[in-house]
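Structure first, commentary second.
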Amino acid sequence: MNLGLSLGTVGVLVRYWVKGRFTKATLVGLAVGETFSIVFVLFGSSTYLSFSNRVGLTTGLSEVAGSLLLALYLVGLIQSGFNGSGLPVNSSDVDYVFTSPVPPREVFGAKILLNSLTTVLFGFPPILVLYLRFSAYYRTGWPVAILAGMVTLVFLVIGLLLSADITLSLGRGIGQRKKLWRNLFITLVLVISLLPITLLIPEVPGVIAEAARILPNGLAATISVGLVSGTSRTIAYLVDLLLLFGWLVGFLLLGVRLSRGHFYEVLEVSVPGAEKFDEPNQSSRLNPRGRSLWSVVRLKERILISRTREARALFVNAMFLSGFLVIYALSGSFQSSPTSFLFILFIIGSFGSGTASRWIEKERLWILKSSPVSMRRYVKEVYRARLAPLLFYLTPVTVAVGVPLVLSQLEQPPLLLGVVLALPGALEIAGITMAGGMYFASRYGQSSADDILSSQAQELADIRRFLFQTVINLIMVSPLILLVLASERLASSLGPGSLPALAASLVVVSIVFASFAINVLLNKAGDAVSRREDL
Amino acid sequence: MPQISVERLTKHYGTLVALDNVSLDIGSGEVFGLLGPNGAGKSTLLKTLVGILRPTSGTIRIDAIDIVVEPEKAKRMIGYLPENPSLYTGLTTLEFLQFVGKIRGVDDELLEREISESLKSFGLEEKRNSLVGSLSKGMKQKVALIATSLHNPEVLVLDEPLTALDPKTRVSVKDWIGAQTRRGVTTILSTHDLDVAQSHAGRIAIIDHGKIVAVGDIESLRKMARAESDARLEDVFLRLTAEKGEDPILK
């Protein structure tokens, strides 16, 4: 197979990017990040195994769960592909690489190679640890865990290729119908990604299982999980492996074909504030007449969200989340134990920190800091503006999950209390993690015109942000989780008569706590913005 | 009493001393030029003056108001244009100006009038509903200038307002600066364009390695530099900022 690539040029480009990216400080930061991921994976996998054994939710490691987890990764990459970030470039690439006489397909090859190298380098330790933990549980041995890890890595590279291909396809004659195709494709991918989870519903047609299996995530999960859990299907695994490599080669060839022409204009340079907009002319919607200052601040934030890709990302994520949770609720898995409500809390709650952490990139701190406004109040108003769409999407999700849960728990009042607390609790956790996301973005996020932080220093700051944000958010939301966990025992000890009063008071306590936590985090966010000097 | 008073101002970034014991007095309605080589501390001084950066030590008073103690009160009087003004690219020109006017406390009616007149005088009327992100660099600079003066500030702090602009936009910006100074606005103008400094500024400060090495009108600067009486500001600047033991380039 002749891909028409000059390996010499590809090698030079990769070496140049690696040198630019990995300084000593960055490597130390990344090592810390890796250690954190490994500890997190060990903790998570052990908890999962003991939990699944205790309540009999599944029979340990499940191909369906694996397939779904991998599908989540794929969905994220597909989204970034459509956002033009499938092939990440920075301004120095534009200035020096794109102006050099290097054929575009070689730039494509080098980019994919570098992305794959970094993904493999940083993805392998936690994935390997995960499979080692499971192989120890199933007594299948460490070589099997390494094999399973490598199969998963092949899948990760397939995801990178797919994302890059989607970005390249944006400039390929889809024209005015681009939006329609894009939306149709996203919907299709969401539906396909949800296929594995439908297998949990009793008596689901077998054809769905077959369809889910031949997707890259299905194949990777089947082989990896099968290897680690010791299911003896050697020939079948070989066929699956061939199919998986088929996907890899297919996406690679597609990418090389698409990158033969000039594709640079479809790539998005990762510079804060350098967002692309579909229409340069818009109707001005920010009429300040008769509005208070803070109402104008909120309106400005809503306009910025609606004109960027943030709103679409939030919508797509919420659709995926609701589909996933509703199917999961229908499968009866939640009803097996009150502890499974934690699942709702975590999954819904974790949505809070996602898009919130990007707010600082959209801000223009020099304007704010040279204006006579209180930064604490400003941050709170931005939070209000950002919380509204989040709740708009998450509330129906919570209700959709809650109805089957409440109906099934009506016969068991102590469990019902857990459901009643978990549903608003999920939204409260989303609110807290969003405030936490804004605080850590204020401290470590890249601002509009930083002339102090280099991209390497920013990478380090991002790692610090990830670590601190995860730890602090977990600490901040733990009282709400404890409340849900303790509710069953409280309800049993006080008796069914006191249940309504107990439920009302616990809901009030959780709301008061959430409000307090959000207020503390936002005040700290405002103070962090005031102290920032990189603008 | 000076309108802007800077006393023993020091600013550290970690171990780097960006400003070292800077003291300045600028009178009401004065146009004050600030010159210095790259990295001399000009932008840091201006950012500290407008309250974006916090001084490590020293005081800054605008009309006797300490900007650290009463930042909101002091900021109402200042209009600031950074060297590379980044704007909200997702807002239209009109929305951007409305937003900035509002957070700077401009009355609704006055804001509408100011925006309308400014867009007209800068020839940007047709761009009022264009996203700021779609404007050219020169247009963005004009929008940033309008935003700087929407609240009719008593003090203007302009950091390199003419950098990388085409000749036509440079003329517009120079005219705008001239109009502001004729209105009696106290202006601090940091620039690498020595002609602009010489033509607009009554007094000029030269800053180097975070220290003010000379302040005065062109005549006194010539004397300080021991330059000819008809020496150009460029020559004076090179003499005053030459490293010890280093021959000034003008030789």
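Line by line, the protein sequences give chains A and B.
Going by the numbering used here, the residue at position 274 of the first sequence is 1368; the numbering climbs one at a time, nothing skipped.
Going by the numbering used here, the residue at position 113 of the second sequence is 991; the numbering climbs one at a time, nothing skipped.
Note that beta-carbon positions come from the ideal geometry of N, C-alpha and C, so glycine has one too.
Is the region 1521 to 1531 of chain A in contact with the region 1583 to 1594 of chain A, if contact means three or more CB pairs nearer than 8 Å?
no
Can you list, in chain order, the stretches of the alpha helix (DSSP H) that have 4 or more residues and sit fully within the region 1079 to 1116 of chain B?
1096 to 1102
Contacts of V1319/A in chain B (Cβ-Cβ under 7 Å)
In chain order: nothing, as chain B lies at least about 44 Å away.
Please tell me whether N1211/A and V1112/A are closer than 9 Å, where the distance is taken between their beta carbons.
It is Leu, not Asn, that sits at residue 1211/A in the sequence shown. Yes, the pair counts as a contact, with Cβ atoms nearer than the cut-off.
Does the beta-carbon distance from I1260/A to G1344/A come in below 9 Å?
no
Would you kindly work out how many angstroms separate the C-alpha atoms of D1086/B and A1103/B, rounded to a whole number?
14 Å
Based on DSSP bridge pairs, tell me the residues matched to E992/B.
E992/B pairs with nothing; no bridge assigned.
Coil, strand or helix - A1450/A by DSSP:
Three-state result, A1450/A: helix.
DSSP-derived helix/strand/coil call for V895/B
strand
Given a limit of 8 Å on CB to CB distance, which residues of the region 1004 to 1019 of chain B reach chain A?
R1006, N1007, S1008, L1009, G1011 and S1012
Just to confirm the assignment: which complete alpha helix (DSSP H) runs, minimum length 4, are found wholly within the region 914 to 943 of chain B?
Qualifying alpha helix (DSSP H) stretches, in chain order: 920 to 927.
Check for me: the alpha helix (DSSP H) holding T1026/B runs from which residue to which?
Taken as a continuous stretch (DSSP letters only), the alpha helix (DSSP H) holding T1026/B covers K1015 to S1027.
Of the residues G1512/A, V1473/A and R1385/A, the one placed nearest L1579/A, counting alpha carbons only
G1512/A
Does the structure place the region 1033 to 1044 of chain B close enough to the region 988 to 1008 of chain B that three or more beta carbon pairs sit under 8 Å?
no
Mind checking P1483/A: buried by the 16 CB within 10 Å criterion, or exposed?
buried
For A1079/B, would you say it is in contact with chain A, using Cβ-to-Cβ distances shorter than 9 Å as the test?
no
Between R1480/A and E1395/A, what straight-line distance do the alpha-carbon atoms span, to the nearest angstrom?
Cα-Cα distance, rounded: 7 Å.
Using only the alpha-carbon positions, how far apart do V1158/A and V1122/A sit?
36 Å
Could you tell me which residues DSSP pairs with N1375/A in its beta bridges?
S1008/B
Partner residues on chain B for S1185/A, Cβ-Cβ distance less than 9 Å
The premise fails here: S1185/A is roughly 14 Å from chain B at the closest Cβ pair, so nothing lies under 9 Å.
Straight-line gap, G905/B to R939/B (C-alpha atoms, nearest Å)
12 Å
Any beta carbon from chain B within less than 9 Å of N1411/A's own beta carbon?
no
Of the residues G1011/B, D1113/B, I930/B and G919/B, the one placed nearest K1456/A, counting alpha carbons only:
Cα-wise, what sits closest to K1456/A is G1011/B.
Do V1473/A and A1619/A have their beta-carbon atoms positioned less than 9 Å apart in this structure?
yes
Strictly under 9 Å for the Cβ-Cβ distance: is F977/B near chain A by that measure?
yes
Supposed close pair G929/B, L887/B - CB separation, criterion 8 Å:
Contact between G929/B and L887/B does not hold, since the beta-carbon distance rounds to 13 Å and is not under 8 Å.
Report yes or no: is there a C-beta of chain A within less than 9 Å of the C-beta of G917/B?
no
In the DSSP assignment, what residue or residues form a beta bridge with K1456/A?
According to DSSP, which records beta bridges pairwise, K1456/A is partnered with nothing at all.
Between G1170/A, I1605/A and E1404/A, which lies nearest to L1254/A when the distance is taken from Cα to Cα?
G1170/A
Could you tell me which of F1218/A, P1195/A and S1318/A sits nearest to S1229/A, measuring between CA atoms?
S1318/A
For R1060/B, does the count of other Cβ atoms within 10 angstroms reach 16, so buried, or fall short, so exposed?
exposed
Residues, ordered as in the chain, of the region 926 to 940 of chain B that lie near chain A by beta-carbon distance below 8 Å:
V928, G929, I930, L931 and R932
Counted within 10 angstroms of its Cβ, other Cβ atoms place Y1538/A as buried (16 or more) or exposed
buried
Out of curiosity, what's the CA-to-CA distance linking I1546/A and G892/B?
With a pLDDT of 39 at I1546/A, under the threshold of 50, the predicted position of this residue should be treated as unreliable, though the coordinate-derived value follows. Straight-line Cα distance between these residues: approximately 12 Å.
Could you check which residue in S1077/B, G1088/B and F977/B has the C-alpha nearest to that of I1397/A?
F977/B
Could you tell me whether the Cβ of T1402/A comes closer than 9 Å to any Cβ of chain B?
yes
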